[in-house]
Amino acid sequence: MKDLKQFNIPFVGLKEGSHEFQYQIDKKFFEAFQFDEFEDAAINVTVTLVKKSTLLELQFDATGTVTVPCDITSELYDQPVKGSFPLIVKFGPEFDDENEEILVLPYEHYQVNVAQYIYELIVLSVPSKRIHPKVQDGTMESETLKKLKQLEVKKESTVDKSATDPRWDKLKDLLTGKNT
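Written as structure tokens, this is what we have:
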């Protein structure tokens with residue numbers, strides 16, 4: 020986590036009001052968290068800090084792309100990422116991050132590290148099911164899709180609905196008491 024010092028926001032020297040911080044997130048950021056699901060990342064994160072006399076309001080906004088493998092074809096593609104997250108920072112006798120929208124920092128703290136919140140915002144903004152856009156519109160050509168087409172179960176439309184299985188007919192006879 021030593022690589023994440025640039026995500027420290029020293030709020031003690033800031034005047035009351037709004038302050039904006041920009042971050043460029045790439046693959047190295049996720050390596051610091053030992054997260055390897057993204058092949059690459061290019062995300063712009065804006066953190067807007069509103070300093071008030073007794074608390075801080077933080078608004079995180081992320082836009083960009085992450086390169087991930089498709090769940091169907093394993094082909095890499097750029098997944099768009101867009102998300103936002105509000106956070107209130109209050110001050111108290113001890114650190115408390117139990118509530119996901121409110122962070123309590125000890126009175127003696129002079130800065131807040133926003134790396135964990137940026138990480139969670141981006142990871143949670145990526146859909147859990149990742150499907151390549153060309154798979155969705157049907158233009159993807161890959162060996163995996165060809166193999167899936169070959170193995171696809173064919174539906175038979177010539178099934179006679181009036182035909183019944185003779186084994187079931189014998190059981191029906193037992194219910195009605197008829198013997199043929």
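When you line the sequence shown up against my numbering, it's residues 20 to 199, in that order. Backbone N, C-alpha and C define an ideal beta-carbon position, used for all residues, glycine too.
Check, Outcome
"Cut-off 6 Å between Cβ atoms - residues of its own chain near TYR126, not counting five sequence neighbours on either side", "PHE110"
"Classification of VAL66 by the beta-carbon crowding that lies within 10 angstroms, buried from 16 upward", "buried"
"CA-to-CA distance, LEU68 to VAL154, given in whole angstroms", "41 Å"
"Integer Cβ distance of LEU140 from GLY83, believed to fall under 8 Å", "Not quite, the Cβ-Cβ distance comes to about 12 Å (not below 8 Å), so this is no contact."
"For MET159, the nearest candidate out of THR86, GLN41 and GLU94 (CA to CA)", "GLU94"
"8 Å contact criterion, which ILE44 and ILE62 should meet: CB distance rounded", "4 Å"
"Extent of the continuous alpha helix (DSSP H) run through GLN155", "152-156"
"Neighbourhood of LEU124 by C-beta, 8 Å cutoff - its chain only, sequence neighbours within 5 removed", "VAL108, LYS109, PHE110, GLY111, PHE114 and VAL131"
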